[in-house]
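Enquirer: Mind looking over this structure? Questions follow.
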Amino acid sequence: MTRIFIFLLGVAVGSIGHFMVLNNYVVRADDGFHVIPKITAAMENSYIDIRNFDISDWTEHQPLAAAIMRAEKVNLIQDAAGSSLKTSIHKLADVLTGT
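Pasting the structure below:
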């Protein structure tokens, strides 16, 4: 009886995990982790680290950007774009100053 219970518990945990992966993005940002509901259920891109995203990365991940805007967490996009811009400016300054 114990083996059946453990098996059914594993099935339940696996089903819940599968449901979460299908319907949510787990986004790593500068201020921590965020769970963003997906617009359409899909197994791809369930975990995305946006800490070093630039504009070209956002164009490649348009469904994620749309889901973030729909979840009213636009600050995630703004923070990622702002840090990317700061990094680019620092690199340009280093090139210009020769350091």
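For the sequence shown, the residue numbers in the numbering used here are 115 to 213. We put the beta carbon where it would ideally sit given N, CA and C, even for glycine. Note that the coordinates shown come from a computational prediction; the quantities given were computed from them, not determined experimentally.
Just tell me which of V188, M115 and D193 has its CA closest to the CA of N166.
Expert: When each option's Cα is compared against that of N166, the closest is D193.
Enquirer: Give the range of the alpha helix (DSSP H) segment to which I120 is assigned.
Expert: Taken as a continuous stretch (DSSP letters only), the alpha helix (DSSP H) holding I120 covers T116 to N137.
Enquirer: Quick check on R142: does DSSP put it in helix, strand or coil?
Expert: In this structure, R142 counts as strand in the three-state DSSP scheme.
Enquirer: Which residues in the same chain have their Cβ closer than 8 angstroms to the Cβ of V149, if we skip the five residues on either side of it in sequence?
Expert: Taken in chain order, the residues that qualify are N138, Y139, V140 and V141.
Enquirer: With 16 other CB atoms within 10 Å as the buried threshold, where does L178 fall?
Expert: Classification of L178: buried, given that the 10 Å Cβ count is 16 or more.
Enquirer: Can you tell me where the beta strand (DSSP E) holding D163 begins and where it ends?
Expert: Unbroken beta strand (DSSP E) run through D163: Y161 to D163.
Enquirer: Give a yes or no on contact between the stretch 170-187 and the stretch 150-159, applying the rule of three or more CB pairs nearer than 8 angstroms.
Expert: Because the criterion of three Cβ pairs below 8 angstroms is met, the stretch 170-187 and the stretch 150-159 touch.
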